[in-house]
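Trainee:
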Amino acid sequence: MPPRTSPTVRQQRLGIELRKMRVQADMTPQAMAAALGTDPPKIAQMESGKAGISADRLRSWAAAGKCDNTRLIDALTAMTQDRGRHWWDEYRGKLSAGFLDTAEMEWHSSGSVSWAITYIPGLLQTVAYAGAIFARVRPPLPRHEVDLRTAFRIQRQSMSVGGEKPHTPSSTKPHCACDSAAPRSSGRSSTACWRTPSGPTS
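Read in order, the letters of the sequence shown correspond to residues 1083 to 1284 in the numbering used here.
(1) Just the C-alpha distance for T1120 and A1145, rounded to the nearest angstrom, thanks.
(2) Just to check my reading of the structure: G1166 and S1130 have Cβ atoms closer than 8 Å, yes? What is that Cβ distance to the nearest angstrom?
(3) Among all the DSSP beta bridges, which residues are the ones paired with L1177?
(4) With DSSP run on the structure shown, which of helix, strand or coil describes Q1163?
(5) Which residue's Cα is closest to the Cα of T1159: R1139, W1197, P1203, L1206?
(6) Select from P1221, R1104, A1214, E1099 the residue whose C-alpha is nearest the C-alpha of K1148.
(7) Go through its chain and collect everything with a Cβ distance to I1135's Cβ below 8 Å, but skip five positions before and after it.
(8) By DSSP, does A1146 sit in helix, in strand, or in coil?
(9) Shortest alpha-carbon distance to T1200 belongs to which of Y1211, S1191, H1190?
(10) Do E1188 and R1092 have their C-beta atoms within less than 7 Å of each other?
(11) To the nearest angstrom, how far is the alpha carbon of I1125 from that of D1108?
(12) With a threshold of 8 Å, are at least 3 pairs of Cβ atoms found where one atom belongs to the stretch 1150 to 1157 and the other to the stretch 1169 to 1180?
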């Protein structure tokens, strides 16, 4: 399988942890490659997130690196199992990687913390507020681009805050602190700008 050209943030994070294991064990890429029965370029690809790694190979990597942190190993192993398509993949090629990476991280999280002064955090924005924010981007976006970004943001709320995440015991729980000026950034009243997971706030 050819190397990935644009690994996601999650894939890059897995690679970073693999590299940390190897470095902490004072192993060269050549030594790790020999331990796993592969070649050094493959090690570099896995550490950069450009190549995947199976659960069995990850455990072999941990054993070679003398890592005995079972919680870390189990968490990384779980990351290797996530190879299916997700809702944000429908937007791939339509939105920049930053949008997709944010959705992926929220999907796999059990909570999030946001501190905002200028804008209301995305998971709490209403359709009207999100649309108004994207419409104020400079240089201006075409109308269909504003609508696409707005739809993506609202779907993020539905999928992350609303549940439907089979691998976690509950939906993502956002904890947000906002400056009183945040609602005014769109020129709308506060009740039209932000929402709770069950609907607009009062």
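Heads up, the beta-carbon is just placed ideally off N, CA and C, and yes, glycines get one too. Owing to the predicted nature of the structure, the values given are computational and were not obtained by experimental measurement.
Mentor: Straight from the coordinates:
(1) Locating residue 1120 in the sequence shown gives position 38, counting from the first residue. Locating residue 1145 in the sequence shown gives position 63, counting from the first residue. Taking C-alpha positions only, T1120 is separated from A1145 by approximately 16 Å.
(2) The residue you call residue 1166 lines up with position 84 of the sequence shown. The residue you call residue 1130 lines up with position 48 of the sequence shown. That pair is no contact at about 22 Å.
(3) Translated into the one-based positions of the sequence shown, residue 1177 becomes position 95. DSSP, once it has assigned bridges, lists R1174 as partnering L1177.
(4) Here residue 1163 refers to the residue found at position 81 when the sequence shown is read from its first residue. Coil, per DSSP.
(5) Walking along the sequence shown from the start, residue 1159 turns up at place 77. It is R1139 whose Cα lies nearest to the Cα of T1159.
(6) By 1-based counting over the sequence shown, the position of residue 1148 is 66. For K1148, the closest C-alpha among the options P1221, R1104, A1214, E1099 is that of R1104.
(7) Residue numbering aside, residue 1135 sits at position 53 when the sequence shown is read from its first letter. Counting only residues of its own chain and dropping the five nearest sequence neighbours on each side, I1135 has a CB closer than 8 Å to the CB of L1096, L1100, M1128, W1143, T1162.
(8) Mapped onto the sequence shown, residue 1146 falls at position 64. Helix at A1146.
(9) Translated into positions along the sequence shown, residue 1200 becomes position 118. When only C-alpha atoms are compared, the closest one is Y1211.
(10) Locating residue 1188 in the sequence shown gives position 106, counting from the first residue. Locating residue 1092 in the sequence shown gives position 10, counting from the first residue. Cβ distance not < 7 Å, so E1188 and R1092 don't count as in contact.
(11) To locate residue 1125, count along the sequence shown from 1; it is residue 43. To locate residue 1108, count along the sequence shown from 1; it is residue 26. Each residue's Cα considered, the two are about 15 Å apart.
(12) With the cut-off at 8 Å, the stretch 1150 to 1157 and the stretch 1169 to 1180 do not touch.
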